[in-house]
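Okay, so here's the structure we're looking at.
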Ligand SMILES: [Zn+2]
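Following this line, the structure appears as structure tokens:
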């Protein structure tokens, strides 16, 4: 097509998102009315209904909710007492309830070498590990394997609040209880352990209340299809809307959720404008808001399994996870032959409107794009702030932390990129990978153990 109508539509799209009056009200609903939107809660259902209504209101088609089953979990109080001291802690989602007294063993960062060095010593004890290096789930899986009876996980950052984070265990209920503590509490425990080594074991009294039940999670889907086309190939723009139950999940990830809603709204206008001029896009766009990401990417992996037969029609998954931090906009591109895709995004940002960084052929296994990458679909994760943010997964992730300007800028870039990719008649510069290729890359990147611990090493 003549490039000028597309460029005009792009300019309108950018202006629309940068000045939109719906962005902040949507954030308010998700954060103040729906709290953390923890999967399986009433808050999550209320948020799903709001998202679906928004899609319908913006004129998208096929707006619907897809349910998936999960192990539900409800938080109760948790306490940790050592040597007569009460230490602040919070239960990790999925933890079973407990009331146990057992010796504590400090296992450093909980890496394989730490467990190896400890030999048989961890058996029957409560593992204390620092949240550095490998993922929490890997450390937890090692503690279970070593025969530990409890798991204390600390923040690795001074001044950070106690971290939450799920104990998802390969689709099975978590076998041993786990709590999160602040870095300062870890330091106190470490010193106390050093002092008591000479006198013998230091015993902790760990009490956790929690409710486990069968629950349902809700993905929300809507489509922007070219007029008159039955089953087009797709771009998927997505984000997880669920958060943790201890805060509003404002940055992680009401920000990404609203980015998707805003892009959907503005892209619908752009599609209509271009179609009215007689043009037709090469691709449709499916918008997906996942739930259950925070407890193991459940919503997106359920979708990828349920829609396995359609995945070859997805040309790119564009996942927004944490786009409300101040700082640069980052695109981590997962896939094969993605050099051209990365060059494409760089060129798109080349007018210096956007402070953008791109990483090519990266494997980022901690968000929903990964559920698709595992199936060979080209996928990327967009985030702002270079990955450093103090709030996520703590009580501190509240609406006051969201940088609206960074969010608008990231959303505008994403929407513009999708518009251009969808209306460009040349095929997308990326390809689907085979299962063997995916497996090989994951092995090289060192994620085999994590994926096995999560029950996701399925090829
Ligand atoms: Zn997230």
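Residue numbers (the working numbering): 49 to 507.
Heads up, the beta-carbon is just placed ideally off N, CA and C, and yes, glycines get one too.
Residues near residue i by beta carbon distance below 7 Å, same chain, minus five either side
i           : result
residue 502 : 185, 216, 218, 344
residue 91  : 82, 83, 84, 85
residue 380 : 407, 410, 412, 428, 429
residue 231 : 202, 203, 204, 205, 206, 208
residue 192 : 223, 224
Ligand 1 heavy atom lying under 7 Å from the CB of residue i
i           : result
residue 293 : no
residue 10  : This structure does not reach residue 10, given that the chain is present from 49 up to 507, and the question cannot be answered.
residue 216 : no
residue 367 : no
residue 300 : yes
residue 341 : yes
residue 419 : no
residue 415 : yes
residue 362 : no
residue 511 : Residue 511 lies beyond the range of the chain shown here (49 to 507); nothing can be said about it.
Between the CA atoms of residue j and residue i - distance to the nearest angstrom
i           : j           : result
residue 111 : residue 272 : 10 Å
residue 130 : residue 88  : 34 Å
residue 454 : residue 194 : 44 Å
residue 175 : residue 220 : 20 Å
residue 487 : residue 425 : 13 Å
residue 470 : residue 325 : 16 Å
residue 113 : residue 341 : 16 Å
residue 367 : residue 390 : 15 Å
residue 480 : residue 490 : 15 Å
residue 170 : residue 355 : 43 Å
residue 279 : residue 330 : 12 Å
residue 76  : residue 415 : 24 Å
residue 147 : residue 242 : 25 Å
residue 492 : residue 323 : 46 Å
residue 386 : residue 392 : 10 Å
residue 320 : residue 277 : 14 Å
residue 125 : residue 180 : 26 Å
residue 474 : residue 423 : 24 Å
residue 508 : residue 504 : As shown, the chain starts at 49 and ends at 507. That puts residue 508 outside it, with no answer to give.
residue 361 : residue 351 : 14 Å
residue 498 : residue 304 : 25 Å
Test item: CB-CB of residue i and residue j under 8 Å
i           : j           : result
residue 190 : residue 234 : no
residue 349 : residue 419 : yes
residue 371 : residue 417 : no
residue 196 : residue 447 : no
residue 285 : residue 466 : yes
residue 213 : residue 198 : no
residue 394 : residue 476 : no
residue 339 : residue 288 : yes
residue 299 : residue 74  : no
residue 150 : residue 172 : yes
residue 333 : residue 283 : yes
residue 337 : residue 99  : yes
residue 182 : residue 159 : yes
residue 94  : residue 258 : no
residue 116 : residue 265 : yes
residue 346 : residue 118 : yes
residue 378 : residue 431 : yes
residue 290 : residue 373 : no
residue 120 : residue 262 : yes
residue 70  : residue 211 : no
residue 141 : residue 256 : no
residue 61  : residue 314 : yes
residue 107 : residue 316 : yes
residue 96  : residue 268 : yes
residue 327 : residue 53  : yes
residue 188 : residue 226 : yes
Cutoff 8 Å; reference residue i; Cβ partners in own chain excluding five residues on either side
i           : result
residue 66  : 456, 457, 460
residue 58  : 318, 464, 467, 468
residue 109 : 270, 271, 272, 273
residue 311 : 65, 285, 335, 459, 462, 463, 466
residue 134 : 127, 128
Proximal residues to residue i (C-beta, below 6 Å), its chain only, five neighbours per side dropped
i           : result
residue 507 : 483, 487
residue 421 : 382, 427
residue 253 : 129, 149
residue 152 : 174, 176, 250, 252
Closer than 7 Å: residue i CB and nearest ligand 3 heavy atom
i           : result
residue 348 : By its list of ligands, the structure shown excludes ligand 3, since it contains just ligand 1.
Alpha helix (DSSP H) runs wholly inside the region 231-273, at least 4 long, in chain order: Uninterrupted alpha helix (DSSP H) stretches at least 4 residues long and entirely within the region 231-273 occur at 231-244, given in chain order.
Tell me the start and end of each unbroken alpha helix (DSSP H) in the region 413-458 that is at least 4 residues and wholly inside, in chain order. Taking only runs of at least 4 residues, the alpha helix (DSSP H) segments lying wholly in the region 413-458 are 417-421.
Considering only residues of the region 50-115, which uninterrupted alpha helix (DSSP H) runs meet the minimum length of 4 residues and lie entirely inside it, listed in chain order? Entirely contained in the region 50-115, the alpha helix (DSSP H) runs reaching 4 residues are, in chain order, 51-67, 71-76, 90-105.
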